[in-house]
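Peer 1: What follows is a structure written as structure tokens; I'll ask about it next.
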Ligand SMILES: [Zn+2]
Ligand SMILES: [Zn+2]
Ligand SMILES: [Zn+2]
Ligand SMILES: [Zn+2]
Ligand SMILES: [Zn+2]
Ligand SMILES: [Zn+2]
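Quick look at the structure:
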């Protein structure tokens, strides 16, 4: 089965008015660096599983629960499953946690487990009374079927007559009472969040508890929880699917054009049916274009690690050249001792204190080699920090602006109302202002990430072109922002309107140029980074 | 206190009447879910000759959840930390409700006979064990003599 074919003939995307029609099917792609994708609702995701299961059921002539367990074991790769199953059905079944249908244990119900393997931790037989000698399964069950059964987990005894109603064994034959099964399965689902891989209660038995049995055993609420967990496992096991990360949205994005190996050349930004953007590559809950997923991750980690570092630069401190920890000068004495590594040095020349002899309070060694080397290494670490802060501050500035978006919209709306009244404009005629705000916000997100990009770019001609584009966009956005802040005076409204509309178009153009050039640059391998991507 | 489940009563009974060699486990008079345990160090191990005290507690969810076990005697072992906590798969994700107190204690005894520095709980001990096994074993013997002498 080809999942792509499936997607087209079976799972139509319901247009809910948020999307371009293009998103419906894997329609012609706009740009080389864009990916085709579908937005699927939760029920469509459930249908995808049902359809895959039904297909395997037919092809391999199995029941639905067995087909589901096999598919889950093979990561929902139907082709691989069929191939392995045709090669060696009993191995495929055993690997997936099912014994082959021909095995007698699937139909008979031996009361005792097969003797545990003698591998590592020592296992002992549970009830020596009943394990006389390792007899064959047949004779053992034949004997014990007459007598009562003691559940190995709760030790409650069940008369032979109630065996079929009160007790239960999976295909492996390990029998326990129904009450214990219920408690066990409910605990696995509700406490451990397990679903597809719930195994037999017997120690070391990998037999999977089928979904059909779980539904019989548990209450409707737990059953619902179980199904939800299965869906989650299905999506996370399927490389071409990803949940929308936006709160309250249950949609799933399907995209086959952004496997991990492609993420060093594309940034697969997609728009969910809920109207929000996300990155299909890493699940980031917004667009992080034009920066590659991996760089975003590195950047976020760096920002978290260095937040303290950034603080101490503001303060009047120096770094210990031995351990890089921060030292604050206290009092007038130049003899400093690092609190952390106990390195003693001179505050003025940064050289080792041991070379200062008795020249307390005054340093005349500023040109000595040891001091110069120390200052050098300090300067280097400062320079790299300064460089980081240069990009970080710009990045953070746009991040902060984004937090104020709501205010930006509100203020603009007020101005739009004023323009409608004083300038005698219609509602439609003042929409240009809101569109301009949208443009600014969008451009700021791109600018924000462009500073992360620039931080990791190696210095070369290409990088200079990138930074030119970045600067042009930055200026254009600033100008548009300025125009949007102006108070519309009745006699100048039409000019302001024309200016904003023009500047907005210009921002859009600069934005597209930066985005286009950067994203194409990946495909053309134009960018060189200071880290591995 | 709620009545003890039949399972726990049966296990206790059997532990008292027919304890595995080198192992003793008796419920505490105040709380029958709380066991005082001793495990003898296995022969041919650095813990040979030592008697180790442990405490074992059966949570309400037992046997659906594993018992909680901890060494009270200090022990130098890569899979047991300073607080006596034990790194053993059956006490965590490999627990099966078909396992018993008995099996758990036998597994712990087996762990003393086969330390596994590649799956460490006590990192410094595991490190020593890997770098200089001889010295680590000597240390384990020394601690056994000092702390696990049954006093
Ligand atoms: Zn039971
Ligand atoms: Zn089993
Ligand atoms: Zn969504
Ligand atoms: Zn990403
Ligand atoms: Zn230092
Ligand atoms: Zn000096």
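Residue numbers (full-length UniProt numbering), protein chains in the order written: chain A, 1 to 533; chain B, 1 to 151. Just so it is clear, CB atoms sit at the ideal spot from N, CA and C, and this is done for glycine as well.
What does a CB cutoff of less than 8 Å around residue 231 of chain A pick up in its chain, not counting 5 residues either side in sequence?
Peer 2: Excluding positions up to five away in sequence, the list reads 42, 45, 46, 49.
Peer 1: Measure from the C-beta of residue 172 of chain A to each C-beta in chain B and report whether the shortest distance is under 8 Å.
Peer 2: No - not a single Cβ of chain B is within 8 Å of the one on residue 172 of chain A.
Peer 1: Under 8 Å: do the stretch 507-522 of chain A and the stretch 470-479 of chain A share three or more Cβ pairs, one atom per stretch?
Peer 2: Cβ pair count under 8 Å is three or more, so yes.
Peer 1: Taking 7 Å as the line, does the beta carbon of residue 244 of chain A fall inside it for any heavy atom of ligand 3?
Peer 2: Yes, since a heavy atom of ligand 3 falls inside the 7 Å radius drawn around the Cβ of residue 244 of chain A.
Peer 1: Which residues, in order along the stretch 54-68 of chain B, keep a beta-carbon less than 8 Å from a beta-carbon of chain A?
Peer 2: The stretch 54-68 of chain B vs chain A, Cβ under 8 Å: 61, 63, 64, 65.
Peer 1: Could you give the distance in angstroms between the alpha-carbon of residue 268 of chain A and the alpha-carbon of residue 253 of chain A?
Peer 2: Going from the Cα of residue 268 of chain A to the Cα of residue 253 of chain A covers about 11 Å.
Peer 1: Can you tell me which of A:52, A:63, A:292, A:422 puts its alpha carbon nearest to the alpha carbon of residue 453 of chain A?
Peer 2: Checking every option, the nearest Cα to that of residue 453 of chain A belongs to A:292.
Peer 1: State yes or no: is the beta carbon of residue 110 of chain A nearer than 8 Å to at least one beta carbon in chain B?
Peer 2: Any answer about residue 110 of chain A is weak, because its pLDDT of 37 lies below 50 and its placement is not dependable; what the coordinates show is given next. No, no contact with chain B.
Peer 1: Under 8 Å between C-beta atoms, does residue 555 of chain A make it to chain B?
Peer 2: With chain A running from 1 to 533 in the structure shown, residue 555 of chain A is simply not present.
Peer 1: Cβ-heavy atom distance between residue 174 of chain A and ligand 2 below 7 Å?
Peer 2: Under cutoff, so the answer is yes.
Peer 1: Can you tell me whether residue 208 of chain A is helix, strand or coil according to DSSP?
Peer 2: Strand.
Peer 1: At a CB-CB cut-off below 9 Å, which residues of chain A make contact with residue 78 of chain B?
Peer 2: What residue 78 of chain B touches in chain A: nothing, since even the nearest Cβ is about 16 Å away.
Peer 1: Indicate the three-state DSSP secondary structure (helix, strand or coil) for residue 20 of chain A in the structure shown.
Peer 2: Confidence at residue 20 of chain A is low in this model, with a pLDDT of 40, below 50, so its placement is unreliable and the value that follows should be read with caution. If DSSP states are grouped into helix, strand and coil, residue 20 of chain A belongs with coil.
Peer 1: Kindly list the residues whose CB is nearer than 7 Å to the CB of residue 409 of chain A, restricted to its own chain and excluding five residues on each side of it in sequence; keep chain order.
Peer 2: Taken in chain order, the residues that qualify are 437.
Peer 1: Quick one: complete beta strand (DSSP E) runs, 3+ long, within the stretch 163-246 of chain A?
Peer 2: Within the stretch 163-246 of chain A, the complete beta strand (DSSP E) runs of at least 3 residues are 167-169, 175-177, 241-243.
Peer 1: For a contact meaning CB atoms closer than 9 Å, what does residue 189 of chain A contact in chain B?
Peer 2: Simply none; closest approach about 12 Å.
Peer 1: Is it buried or exposed, residue 152 of chain A, if we count other Cβ atoms within 10 angstroms and call 16 or more buried?
Peer 2: When all chains shown are included, residue 152 of chain A counts as buried.
Peer 1: Is residue 69 of chain A close to chain B? Criterion is C-beta to C-beta, closer than 8 Å.
Peer 2: So no, residue 69 of chain A is outside the interface.
Peer 1: So, does the CB of residue 479 of chain A fall closer than 8 Å to a CB anywhere in chain E?
Peer 2: Within the model displayed, chain E is absent; protein chains A and B are what it includes.
Peer 1: At least one CB of chain A closer than 8 Å to the CB of residue 10 of chain B: is that the case?
Peer 2: Residue 10 of chain B counts as touching chain A.
Peer 1: Identify whether residue 86 of chain B lies in helix, strand or coil by the three-state DSSP scheme.
Peer 2: Reduced to three states, the DSSP call for residue 86 of chain B is strand.
Peer 1: Cα separation between residue 69 of chain A and residue 83 of chain A?
Peer 2: Roughly 16 Å between the two C-alpha positions.
Peer 1: Given residue 500 of chain A, which residues of its chain have a CB within under 8 Å of its CB, disregarding the five upstream and five downstream residues?
Peer 2: So the list reads 432, 433, 436, 480, 483, 484, once near-sequence residues are dropped.
Peer 1: Rounded to whole angstroms, what is the Cα-Cα separation between residue 171 of chain A and residue 272 of chain A?
Peer 2: Residue 171 of chain A and residue 272 of chain A: Cα-Cα distance of roughly 43 Å.
Peer 1: Enumerate in chain order the residues of its own chain whose CB-to-CB distance from residue 141 of chain B is below 6 Å, with the five nearest sequence positions on each side excluded.
Peer 2: So the qualifying residues of the chain are 46.
Peer 1: To be precise: take each residue of the stretch 196-225 of chain A, compare its Cβ to all Cβ atoms of chain B, and keep it if any distance is under 9 Å. Which residues remain?
Peer 2: Listed in sequence order: 199, 200, 201, 202, 203, 204, 205.
Peer 1: If you measure from the beta carbon of residue 159 of chain A to each beta carbon in chain B, is any gap under 8 Å?
Peer 2: No, residue 159 of chain A lies away from the interface with chain B (no Cβ there is under 8 Å from its Cβ).
Peer 1: Please confirm whether residue 463 of chain A and residue 507 of chain A have their CB atoms less than 8 Å apart.
Peer 2: Against a cut-off of 8 Å, the Cβ pair of residue 507 of chain A and residue 463 of chain A comes out as no contact.
Peer 1: So the beta strand (DSSP E) residue 24 of chain B belongs to, where does it begin and stop?
Peer 2: Unbroken beta strand (DSSP E) run through residue 24 of chain B: 23-27.
Peer 1: Is any non-hydrogen atom of ligand 3 found closer than 7 Å to the C-beta of residue 613 of chain A, if you look at the structure I gave you?
Peer 2: Outside the displayed span of chain A (1 to 533) sits residue 613 of chain A, for which this structure offers no information.
Peer 1: Taking beta-carbon pairs under 8 Å, can you tell me which members of the stretch 177-188 of chain A lie near chain B?
Peer 2: Answer set for the stretch 177-188 of chain A: 180, 183, 184, 187.
Peer 1: Tell me the rounded alpha-carbon separation between residue 519 of chain A and residue 398 of chain A.
Peer 2: If you take the alpha carbons of residue 519 of chain A and residue 398 of chain A, they lie about 21 Å apart.
Peer 1: Let's see if you can read the secondary structure: which residues bound the beta strand (DSSP E) around residue 36 of chain B?
Peer 2: Per DSSP, residue 36 of chain B belongs to the beta strand (DSSP E) from 34-40.
Peer 1: Would you mind sorting residue 341 of chain A into buried or exposed? The rule is 16 or more other CB atoms within 10 Å of its CB.
Peer 2: Residue 341 of chain A should be labelled exposed.
Peer 1: Could you work out which residues of chain A lie near residue 5 of chain B, taking near to mean beta carbons separated by less than 7 Å?
Peer 2: Result: 154.
Peer 1: Under 7 Å: does the beta carbon of residue 207 of chain A sit that close to some heavy atom of ligand 2?
Peer 2: Within the cutoff, so yes.
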